[in-house]
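Line by line, the protein sequences are chains Z and S. So the mapping is simple: the working numbering equals the position in the first sequence, first residue as 1, plus 1334. So the mapping is simple: the working numbering equals the position in the second sequence, first residue as 1, plus 1334. Reading through the structure tokens given below for one structure.
Number of protein chains: 2
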Amino acid sequence: MAETVQRKDSYHHGDLRQQLVMATRALVEEKGPDTFSVSEASRAAGVSSAAPYRHFKDKRELLVAVAMDGMARMRDQMKGALPAHPPGSRESVTALGQVYVDFAQAEPGVFRLMFGLTEAHDESDEMLELGRATYGVLLEEVCKYLHKTELDAQVQATGFSLWTMVHGMSFLLIDQKVDVVKLTLDIPQLLSDNTARLLGQRPAAAP
Amino acid sequence: MAETVQRKDSYHHGDLRQQLVMATRALVEEKGPDTFSVSEASRAAGVSSAAPYRHFKDKRELLVAVAMDGMARMRDQMKGALPAHPPGSRESVTALGQVYVDFAQAEPGVFRLMFGLTEAHDESDEMLELGRATYGVLLEEVCKYLHKTELDAQVQATGFSLWTMVHGMSFLLIDQKVDVVKLTLDIPQLLSDNTARLLGQRPAAAP
DNA sequence: GCGTCGATGTTAGAGTTGCTTACATATGTT
DNA sequence: AACATATGTAAGCAACTCTAACATCGACGC
């Protein structure tokens, strides 16, 4: 059980919103996003089952908050992985992909929320912005690699292709499809190889 | 509403199991797999809410049935796409990927069921077998392309990489992440290009 | 200090859902 | 015709989402 959640000691909780997000995060990870219930999160936070509705319009809004929290953390981890490599290098692009896949495996429940819940996300401008910002981290490295700007068609195509690959890899891993097909694969190696293939040859330095 | 479901006209329904699968399929597509309820499917089929439990152990088993139906249809579509191209050609591999992506876009709800529901699928040997068979269609083409057997490491890596790409592309498309990033992309073109990159150079004919 | 107000909690409850149990009805076999 | 089996219904429990009415606390003007 996730007993990292400190309960309240007075009538007013002090920081219920954040506590609920944490509790939800833990529950979503334990039992999957589907079987999660607001009631259970309330119990974990030590409040009545009606209390969350003071902070979130409905169940979905609470889940969106968890997704946003996850997206922000993943974006930070991606940014954190960059300094270890030369800017705009194949290694740094690969590292970004590795962070993506690692995050998915470390927090599959939250990861699913981050990319499912499409209708709910549409309603949240914040989530949209956060998603764009996260993708932007990758896109900028691709720009540097190709010596082009963000609006360039090749940058767009390459960035999306790389995203496609790590996204698919993440889902196949957390949905255990690798086991299904009985594969013995070196995932980091595959990630690195495919990143190289999709990036293509690095062009000569800018004109 | 999906009123393609003919109700019963006598006490016994005749073919309730199949009718429920069809109704569920429609509902899952209309409202997404999350908001689907057995009660609603029952109403659509014109039976009491307890009737489904004569045919399915629980809600999940009904959803698994829908997923299996979808997987079988996608596999058939993949097989159907092969005769149009030379066996083991880049075109035929691309065509398989295109079927995958098309299916996801045509039936996003069912597609999600086919690859989510991981725990539920583990319990179903039939679903496992169906999944393997579907993947096998791709793998066989890769074998022919590379002139190697299914057990070869390169075949495994290449097959998985291709799966990864179309899987990620499918989810990004149905979750509308393409819109989020404001991309104007030629998806079939991208699919074809990336298939080529991931397949790599075709080796010389068998020794 | 003190009263008021808004924010945030509680309790009670309406409506939905998943699933079970006991009973009813149709079908096929002998 | 009689019975066993398959498949439907009705009724109900526990859990869940969300709302409404009420309770409590902290902050602020005075």
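For every residue, glycine included, the Cβ atom is placed at its ideal position computed from N, Cα and C.
Cutoff 8 Å: residue i Cβ touching any chain Z Cβ
{"i": "Q1432 (chain S)", "result": "no"}
{"i": "N1405 (chain S)", "result": "Residue identity check: residue 1405 (chain S) is Met in the sequence provided, not Asn. No, M1405 (chain S) lies away from the interface with chain Z (no Cβ there is under 8 Å from its Cβ)."}
{"i": "Y1469 (chain S)", "result": "yes"}
{"i": "T1428 (chain S)", "result": "no"}
{"i": "T1529 (chain S)", "result": "no"}
{"i": "F1390 (chain S)", "result": "no"}
{"i": "T1542 (chain S)", "result": "There is simply no residue 1542 (chain S) to check, as chain S begins at 1335 and stops at 1541 in what is shown."}
{"i": "L1480 (chain S)", "result": "no"}
{"i": "L1462 (chain S)", "result": "yes"}
Short CB-CB distance (under 8 Å) between residue i and chain S
{"i": "D1509 (chain Z)", "result": "yes"}
{"i": "Q1490 (chain Z)", "result": "yes"}
{"i": "M1503 (chain Z)", "result": "yes"}
{"i": "F1494 (chain Z)", "result": "yes"}
{"i": "M1499 (chain Z)", "result": "yes"}
{"i": "R1466 (chain Z)", "result": "yes"}
{"i": "V1514 (chain Z)", "result": "yes"}
{"i": "G1443 (chain Z)", "result": "no"}
{"i": "L1519 (chain Z)", "result": "yes"}
{"i": "E1337 (chain Z)", "result": "With a pLDDT of only 41 at E1337 (chain Z), under the threshold of 50, the placement of this residue in the model should not be trusted; the figure read from the coordinates follows. No, because no Cβ of chain S sits closer than 8 Å to the Cβ of E1337 (chain Z)."}
{"i": "E1457 (chain Z)", "result": "no"}
{"i": "F1449 (chain Z)", "result": "yes"}
{"i": "L1397 (chain Z)", "result": "no"}
{"i": "L1524 (chain Z)", "result": "yes"}
Buried/exposed call for residue i, threshold 16 Cβ in 10 Å
{"i": "G1414 (chain Z)", "result": "exposed"}
{"i": "R1536 (chain S)", "result": "exposed"}
{"i": "L1506 (chain Z)", "result": "buried"}
{"i": "Q1490 (chain S)", "result": "buried"}
{"i": "L1485 (chain Z)", "result": "exposed"}
{"i": "E1463 (chain S)", "result": "exposed"}
{"i": "S1353 (chain Z)", "result": "Reading off the sequence, residue 1353 (chain Z) comes out as Gln, not Ser. Buried, since its Cβ has 16 or more Cβ neighbours within 10 Å."}
{"i": "A1467 (chain Z)", "result": "exposed"}
{"i": "D1520 (chain Z)", "result": "exposed"}
{"i": "P1386 (chain S)", "result": "buried"}
{"i": "A1375 (chain Z)", "result": "buried"}
{"i": "R1388 (chain Z)", "result": "exposed"}
Supposed close pair residue i, residue j - CB separation, criterion 8 Å
{"i": "Y1479 (chain Z)", "j": "W1497 (chain Z)", "result": "Contact flag wrong, Cβ pair sits at about 15 Å."}
{"i": "T1428 (chain Z)", "j": "L1525 (chain Z)", "result": "6 Å"}
{"i": "V1398 (chain Z)", "j": "H1455 (chain Z)", "result": "7 Å"}
{"i": "E1441 (chain S)", "j": "E1363 (chain S)", "result": "6 Å"}
{"i": "G1404 (chain Z)", "j": "V1500 (chain Z)", "result": "16 Å between Cβ atoms; not a contact."}
{"i": "A1378 (chain Z)", "j": "L1361 (chain Z)", "result": "7 Å"}
{"i": "M1402 (chain S)", "j": "M1461 (chain S)", "result": "5 Å"}
{"i": "R1424 (chain S)", "j": "L1533 (chain S)", "result": "6 Å"}
CA nearest to the CA of residue i, picked from the options
{"i": "V1444 (chain S)", "options": "S:G1422, S:A1406 and S:V1476", "result": "S:A1406"}
{"i": "K1391 (chain S)", "options": "S:V1372, S:R1409, S:V1381 and S:M1499", "result": "S:V1372"}
{"i": "R1359 (chain S)", "options": "S:V1400, S:S1382, S:R1388 and S:A1385", "result": "S:V1400"}
{"i": "M1448 (chain S)", "options": "S:M1503, S:P1367, S:G1422 and S:Q1432", "result": "S:P1367"}
{"i": "D1349 (chain S)", "options": "S:D1459, S:V1381, S:E1395 and S:S1423", "result": "S:V1381"}
{"i": "M1503 (chain Z)", "options": "Z:Q1439, Z:P1421, Z:R1409 and Z:L1532", "result": "Z:Q1439"}
{"i": "A1530 (chain Z)", "options": "Z:M1408, Z:P1386 and Z:S1426", "result": "Z:S1426"}
{"i": "G1465 (chain Z)", "options": "S:D1509, S:A1418 and S:R1446", "result": "S:D1509"}
{"i": "T1492 (chain Z)", "options": "S:T1483, S:L1396 and S:L1517", "result": "S:L1517"}
{"i": "V1512 (chain Z)", "options": "S:R1351, S:K1511, S:S1495 and S:D1513", "result": "S:S1495"}
{"i": "K1365 (chain Z)", "options": "S:T1452, S:C1477 and S:A1384", "result": "S:T1452"}
{"i": "E1457 (chain Z)", "options": "Z:Q1523, Z:H1389, Z:R1394 and Z:A1384", "result": "Z:R1394"}
{"i": "R1409 (chain S)", "options": "S:Y1434, S:G1422 and S:V1514", "result": "S:Y1434"}
{"i": "D1459 (chain S)", "options": "Z:Q1523, Z:V1514 and Z:H1419", "result": "Z:V1514"}
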